[in-house]
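Enquirer: One structure, pasted below without further comment.
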Amino acid sequence: MPELPEVEEAARRLRRALEGRAIVALQLLHPALRARIASRRLAALRGARIARVERRGKHQLIHLEDGRELRVHFRMNGDWETGRAGEPVPRFARAILALDDGTRVALIDSRALATVELFGRGEAPPLALGPEADDPSLDVGALARALARRRGAIKPALLDQRLLAGVGNIYAAEALWRARIDPFVPASALDRRQLVALLRALRAVIARASGGRYRASDAADARPARAPRLDVYDREGERCRRCGTPIARAVQAGRSTYYCPTCQARSAAR
DNA sequence: GGTCGCCTGGTA
DNA sequence: TACCAGGCGACC
Numbered sequence: 461m462p463e464l465p466e467v468e469e470a471a472r473r474l475r476r477a478l479e480g481r482a483i484v485a486l487q488l489l490h491p492a493l494r495a496r497i498a499s500r501r502l503a504a505l506r507g508a509r510i511a512r513v514e515r516r517g518k519h520q521l522i523h524l525e526d527g528r529e530l531r532v533h534f535r536m537n538g539d540w541e542t543g544r545a546g547e548p549v550p551r552f553a554r555a556i557l558a559l560d561d562g563t564r565v566a567l568i569d570s571r572a573l574a575t576v577e578l579f580g581r582g583e584a585p586p587l588a589l590g591p592e593a594d595d596p597s598l599d600v601g602a603l604a605r606a607l608a609r610r611r612g613a614i615k616p617a618l619l620d621q622r623l624l625a626g627v628g629n630i631y632a633a634e635a636l637w638r639a640r641i642d643p644f645v646p647a648s649a650l651d652r653r654q655l656v657a658l659l660r661a662l663r664a665v666i667a668r669a670s671g672g673r674y675r676a677s678d679a680a681d682a683r684p685a686r687a688p689r690l691d692v693y694d695r696e697g698e699r700c701r702r703c704g705t706p707i708a709r710a711v712q713a714g715r716s717t718y719y720c721p722t723c724q725a726r727s728a729a730r
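For what it's worth, our numbering labels the leading residue of the first sequence as 461, then goes sequentially.
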């Protein structure tokens, strides 16, 4: 379930399980994962202590005390499932991280598209990510200048992690609906007022996805209590909650875009 | 910029 | 059986 709010919650659970612990083993169960890390380097993880877990955009960074770094990206379906050593391995587990306290964290990923990378001290390349999409101090001017240079529609631009980190297909559609912006309008055609509205909408959508969605108590293994309410995504043919017009679906850059043809009125700049 | 492929599953 | 999938990197 990977967009910023879901990855943030996953990283939080990972942090609770990992910080201060030492690695007993990292097992890569899927060949696509094994192909990316030499078995020697994998084995050399034994005994390494975890310093901290960090999220940047949709990436999760596991910093080891010796400077090595594990980077995990869930892609489409990844999630963590924590358990105890010796328990049956979950269906769809693609990697297992065993810790010195008997905890076991499984990367579950039915489509096996998630990635795990291991870097030595000082080897991890910088992530090509823009500012976090929900960062309240985000500079609208900088974003406006970046968008002004772009060709193409705003919706695919929102998915470019170099522009804003953490926005995915669902919340891009939701934010555009909320800001009443036509997903096909050229990114360079948005005026400042629209950009401000778009950023506000992104923050609202992300906040709604994060807040109240998880039980505040039961920190050990909080799971989504319910799916966040969506206004347009996956609602093709259903009525717009604002104006009643049937929600439309189109394809942009190979991804589904859901929008209201009435309140996200076709812009003259299209 | 757009399209394809990665993998494997859930669903109509 | 076909289509679709919340991501992204390689390719044109």
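The beta-carbon is built from N, C-alpha and C at its ideal position, and this holds for glycine as well.
Residue range of the beta strand (DSSP E) that I630 falls in?
Expert: Along the first sequence, one-based indexing puts residue 630 at 170. Taken as a continuous stretch (DSSP letters only), I630 belongs to no beta strand (DSSP E), being part of the alpha helix (DSSP H) at 629-638.
Enquirer: Do V665 and Y631 have their beta-carbon atoms positioned less than 9 Å apart in this structure?
Expert: Counting from one through the first sequence, the residue named residue 631 turns up at place 171. Counting from one through the first sequence, the residue named residue 665 turns up at place 205. For Y631 and V665, yes; Cβs fall inside 9 Å.
Enquirer: Could you please give the first and the last residue of the uninterrupted beta strand (DSSP E) stretch that includes L618?
Expert: Against the first sequence, residue 618 aligns to sequence position 158. Premise fails: L618 lies in the alpha helix (DSSP H), 614-618, not in any beta strand (DSSP E).
Enquirer: Under 6 Å Cβ to Cβ from A725, same chain only, skipping five residues before and after it: list those, please.
Expert: Taking the first sequence and counting its residues from 1, one reaches residue 725 at position 265. If we look at A725 and ignore the five residues flanking it on each side, it has no Cβ neighbours.
Enquirer: According to DSSP, is R501 part of a helix, a strand, or is it coil?
Expert: Counting from one through the first sequence, the residue named residue 501 turns up at place 41. Helix.
Enquirer: Taking just the CA atoms, how far does A729 sit from H523?
Expert: As a working mapping, residue 523 is identified with position 63 in the first sequence. As a working mapping, residue 729 is identified with position 269 in the first sequence. Near 46 Å, if we compare the C-alpha coordinates of A729 and H523.
Enquirer: State buried or exposed for E466, treating a residue as buried only when at least 16 other CB atoms are found within 10 Å of its CB.
Expert: For this step, residue 466 is matched to residue 6 along the first sequence. Buried.
Enquirer: Classify V692 as helix, strand or coil using the three-state DSSP reduction.
Expert: Here the question's residue 692 lines up with position 232 in the first sequence. Looking at V692 - three-state DSSP - the assignment turns out to be coil, as it is neither helix nor strand.
Enquirer: Ignore the nearest five residues each way along the sequence and tell me which others in L530's own chain have a CB closer than 6 Å to its CB.
Expert: Mapped onto the first sequence, residue 530 falls at position 70. Once the five neighbours on either side are set aside, the close Cβ partners of L530 are I522, L578.
Enquirer: Let me confirm a value: D560 is counted as buried when at least 16 other C-beta atoms fall within 10 Å, else exposed. Which label applies?
Expert: Translated into the one-based positions of the first sequence, residue 560 becomes position 100. Under this definition D560 is an exposed residue.
Enquirer: Would you mind sorting P585 into buried or exposed? The rule is 16 or more other CB atoms within 10 Å of its CB.
Expert: Position 125 of the first sequence, counted from the first residue, corresponds to residue 585. Exposed, because fewer than 16 other Cβ atoms sit within 10 Å of the Cβ of P585.
Enquirer: According to DSSP, is L598 helix, strand or coil?
Expert: Position 138 of the first sequence holds residue 598. Coil, per DSSP.
Enquirer: Please specify which runs of the alpha helix (DSSP H), each continuous and at least 4 residues long, are wholly inside the region 476-551, giving them in chain order.
Expert: Those alpha helix (DSSP H) runs which fall completely within the region 476-551 and span 4+ residues are 491-494, 499-503.
Enquirer: Report back the beta-carbon spacing between L486 and L502 to the nearest angstrom; my notes put them in contact at under 8 Å.
Expert: Along the first sequence, one-based indexing puts residue 486 at 26. Along the first sequence, one-based indexing puts residue 502 at 42. Yes, they are in contact, since the Cβ atoms of L486 and L502 sit about 6 Å apart, within 8 Å.
Enquirer: Using 9 Å as the threshold, is the C-beta distance between I614 and V656 below it?
Expert: In the first sequence, residue 614 corresponds to position 154, counting from 1. In the first sequence, residue 656 corresponds to position 196, counting from 1. Contact flag unset, no.
Enquirer: Around the Cβ of V711, are there at least 16 other Cβ atoms within 10 angstroms (buried) or fewer (exposed)?
Expert: Locating residue 711 in the first sequence gives position 251, where the first residue counts as 1. By the neighbour-count rule (16 or more Cβ atoms within 10 Å), V711 is not buried but exposed.
Enquirer: Do R715 and P591 come within 9 Å of each other at the CB atom, strictly closer than that value?
Expert: What you label residue 591 is simply residue 131 of the first sequence in a count that begins at 1. What you label residue 715 is simply residue 255 of the first sequence in a count that begins at 1. Result no, Cβ atoms of P591 and R715 do not sit closer than 9 Å.
Enquirer: Just confirm the distance between the C-beta atoms of R528 and R611, as a whole number of angstroms; I'd bet it's less than 8 Å.
Expert: Translated into the one-based positions of the first sequence, residue 528 becomes position 68. Translated into the one-based positions of the first sequence, residue 611 becomes position 151. Actually they are not in contact, since the Cβ atoms of R528 and R611 sit about 40 Å apart, beyond 8 Å.
Enquirer: F552: which of R571, A558, F534, R544 sits nearest, CA to CA?
Expert: Within the first sequence, the letter at position 92 stands for residue 552. Checked all of R571, A558, F534, R544; the closest Cα to F552 is R571.
Enquirer: Please report the Cβ distance between E463 and G626, rounded to the nearest whole angstrom; I am assuming they are in contact, meaning their Cβ atoms lie under 8 Å.
Expert: In the first sequence, residue 463 corresponds to position 3, counting from 1. In the first sequence, residue 626 corresponds to position 166, counting from 1. Contact flag correct, Cβ pair sits at about 7 Å.
Enquirer: Note down the Cα distance separating D594 from N629, rounded to an integer number of angstroms.
Expert: On the first sequence, position 134 is the one that residue 594 refers to. On the first sequence, position 169 is the one that residue 629 refers to. If you take the alpha carbons of D594 and N629, they lie about 16 Å apart.
Enquirer: In whole angstroms, what is the alpha-carbon distance linking R554 and D569?
Expert: Locating residue 554 in the first sequence gives position 94, where the first residue counts as 1. Locating residue 569 in the first sequence gives position 109, where the first residue counts as 1. Those two C-alpha atoms are separated by around 6 Å.
Enquirer: What residues in its chain sit with their C-beta under 6 Å from that of L573, if we drop five residues either side in the sequence?
Expert: For the purposes of this step, residue 573 is taken as the residue at position 113 of the first sequence. Excluding positions up to five away in sequence, the list reads R535, M536.
Enquirer: What residue range does the alpha helix (DSSP H) around Q724 cover?
Expert: Against the first sequence, residue 724 aligns to sequence position 264. Per DSSP, Q724 belongs to no alpha helix (DSSP H) and is neither H nor E.
Enquirer: Using the three-state DSSP reduction, which class does E468 fall into: helix, strand or coil?
Expert: For the purposes of this step, residue 468 is taken as the residue at position 8 of the first sequence. Three-state result, E468: helix.
Enquirer: Give me the Cα-Cα distance between I497 and E583, rounded to the nearest whole angstrom.
Expert: As a first step, residue 497 must be located in the first sequence, where it is residue number 37. As a first step, residue 583 must be located in the first sequence, where it is residue number 123. C-alpha separation (whole angstroms): 14 Å.
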